[in-house]
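J.:
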Amino acid sequence: MYLEHFGLNEAPFRITPHTDFFFAGANRGATLEALLYAITHDEGIVKVSGEVGSGKTMLCRVLMERLPENVETIFLANPSLSRDEIMFTLADELRVNLATNRVSAVMRALQEHLIGLYAQGRQVVVLIDEAHAMPAETLEEIRLLSNLESNRHKLLQIVLFGQPELNDILNRTEMRQLKERITHNFTLEPLVRSDIAQYISFRMRAAGYKGPDVFSPAALKRIAGASLGLTRRINILCDKALLAAFAGNTHLITVSHVKAAIRDA
72 MYLEHFGLNE
82 APFRITPHTD
92 FFFAGANRGA
102 TLEALLYAIT
112 HDEGIVKVSG
122 EVGSGKTMLC
132 RVLMERLPEN
142 VETIFLANPS
152 LSRDEIMFTL
162 ADELRVNLAT
172 NRVSAVMRAL
182 QEHLIGLYAQ
192 GRQVVVLIDE
202 AHAMPAETLE
212 EIRLLSNLES
222 NRHKLLQIVL
232 FGQPELNDIL
242 NRTEMRQLKE
252 RITHNFTLEP
262 LVRSDIAQYI
272 SFRMRAAGYK
282 GPDVFSPAAL
292 KRIAGASLGL
302 TRRINILCDK
312 ALLAAFAGNT
322 HLITVSHVKA
332 AIRDA
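Below, the structure is given as structure tokens:
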């Protein structure tokens, strides 16, 4: 590998989310702070949309780490859950004792459990990944779950993460009531060229690199064009470009290395 060649402690461009590599530029940090505020101030349902590879999962992981200790998080990564399955999954995650599997009884037990947690000063937030792929009836169940209240307080905070198709789904007539429950909408936009340069430099430094910038301006321009500003694509191209430079025994990433990365991507 190229780690020793570039003086790195670890791989800087892994595509699996690693929260130490969270880039707070390009409005990512501001979005994180806004999410933290919305969740901790009973703001109802929150939506985060972005293209595939725009950094939604990374944002979600960092959000889970930054929430206060009194907040219990439930992460749902399976978008194919039915409306009943999502309720049973929540009950299971919260360790609710169920005397019966009747849906109405499970909903009551879930509400009573949430009221008990609220009385203890605890809060529950459900983070739903790939929400755009959920069945319509499951999204309707999410709306009903968001109605669970104690006096004037929401018992369940819900954050929907999804691709732009989620916005199209919510614009349907039958989704009007769910859309009205969404109090905040955030969009992770692709990075612009100046952000990409900062992003790459940040990832290299976070991985332990201490030297001058290794990506030439021309290489950065080519990466910006080929990646469309999507962080996952940037990571893949940078990783392969570093490998190409290592194979060529050089410490400067040029356009030729990026071209090789594009061909191999």
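Reading the sequence shown from the start, the letters are residues 72 to 336 in this note's numbering.
Just so you know, even glycine gets a beta-carbon here, dropped at the ideal spot from N, CA and C.
For clarity, every value in this text was computed on a predicted model and none was experimentally measured.
Take ILE333 and list the residues in its own chain whose beta-carbon comes closer than 7 Å to its own, dropping the five residues that flank it on each side.
T.: Result list for ILE333: ALA297 and LEU308, in chain order.
J.: Tell me which residues share the same chain as PHE257 and place their Cβ nearer than 6 Å to its Cβ, disregarding the 5 neighbours each side in the sequence.
T.: THR102 and VAL119.
J.: Assuming contact is defined by CB atoms lying nearer than 8 Å, are HIS224 and GLU114 in contact in what I supplied?
T.: Going by C-beta atoms, HIS224 is not nearer than 8 Å to GLU114.
J.: Output yes or no for whether 8 Å exceeds the beta carbon distance between ILE267 and GLY300.
T.: Yes, the Cβ-Cβ distance between ILE267 and GLY300 is below 8 Å.
J.: Closer than 8 Å is the cut-off here; do at least three beta carbon pairs connect the segment 122-129 with the segment 311-320?
T.: The segment 122-129 is not in contact with the segment 311-320.
J.: Distance, Cα to Cα, ILE145 vs ALA318?
T.: If you take the alpha carbons of ILE145 and ALA318, they lie about 44 Å apart.
J.: With 16 other CB atoms within 10 Å as the buried threshold, where does MET205 fall?
T.: Flag for MET205 reads buried.
J.: Taking all protein chains shown into account, decide if GLU203 is buried (16 or more other Cβ within 10 angstroms of its Cβ) or exposed.
T.: Sequence inspection shows His at residue 203; the Glu mentioned does not correspond to that position. The residue in question, HIS203, is buried, as its Cβ has 16 or more Cβ neighbours within 10 Å.
J.: Name the two residues that bound the continuous beta strand (DSSP E) containing PHE232.
T.: Counting along the chain, the beta strand (DSSP E) containing PHE232 begins and ends at 228-233.
J.: So the candidates are VAL195, PHE84 and LEU241; which of them puts its Cα closest to the Cα of GLU220?
T.: Of the candidates VAL195, PHE84 and LEU241, the one whose C-alpha sits nearest the C-alpha of GLU220 is VAL195.
J.: Grouping DSSP H, G and I as helix and E and B as strand, with all else coil, what is HIS184?
T.: HIS184 falls in the helix class under three-state DSSP.
J.: Are the beta-carbon atoms of ILE116 and SER217 separated by less than 8 Å?
T.: Yes, these two residues count as a Cβ contact at 8 Å.
J.: Taking the alpha-carbon positions, what's the SER175 to TYR189 distance?
T.: Looking at the two C-alpha atoms, the distance is approximately 21 Å.
J.: Are VAL123 and LEU161 close, meaning C-beta to C-beta below 8 Å?
T.: Not closer than 8 Å, so no.
J.: Have a look at GLY121, ILE86 and LEU185 and flag the residue whose alpha-carbon is nearest the alpha-carbon of ASP200.
T.: Cα-wise, what sits closest to ASP200 is GLY121.
J.: Comparing C-alpha positions only, which one of GLU211, ARG264, ILE305 and LEU259 sits nearest to ARG274?
T.: It is ILE305 whose Cα lies nearest to the Cα of ARG274.
J.: I need the DSSP call for HIS112, collapsed to helix, strand or coil.
T.: Note: HIS112 maps to coil in three-state DSSP.
J.: For my contact list, ILE339 and LEU226 are in at a C-beta cut-off of 8 Å; report their separation, rounded to the angstrom.
T.: Because residue 339 is not part of the residues shown, which for the chain are 72 to 336, the question remains open.
J.: With the cut-off set at 8 Å, would you say THR90 and VAL142 are in Cβ contact?
T.: It is not a contact, given that the beta carbons lie outside the stated cut-off.
J.: Is the separation between the beta-carbon of GLU81 and that of GLY282 shorter than 8 Å?
T.: No; because the gap between Cβ atoms is not below 8 Å, this pair is not in contact.
J.: Rounded to whole angstroms, what is the Cα-Cα separation between LEU106 and THR321?
T.: Taking the straight line joining both Cα atoms gives about 42 Å.
J.: With DSSP as the reference, label PHE84 as helix, strand or coil.
T.: Coil, per DSSP.
J.: Less than 8 Å between the beta carbons of MET246 and LEU215, yes or no?
T.: No. Outside cutoff.
J.: Do you know offhand how far GLU208's Cα is from ALA95's?
T.: Taking the straight line from one Cα to the other gives about 35 Å.
J.: Span of the alpha helix (DSSP H) holding GLN191?
T.: Careful: GLN191 lies outside any alpha helix (DSSP H) and carries neither H nor E.
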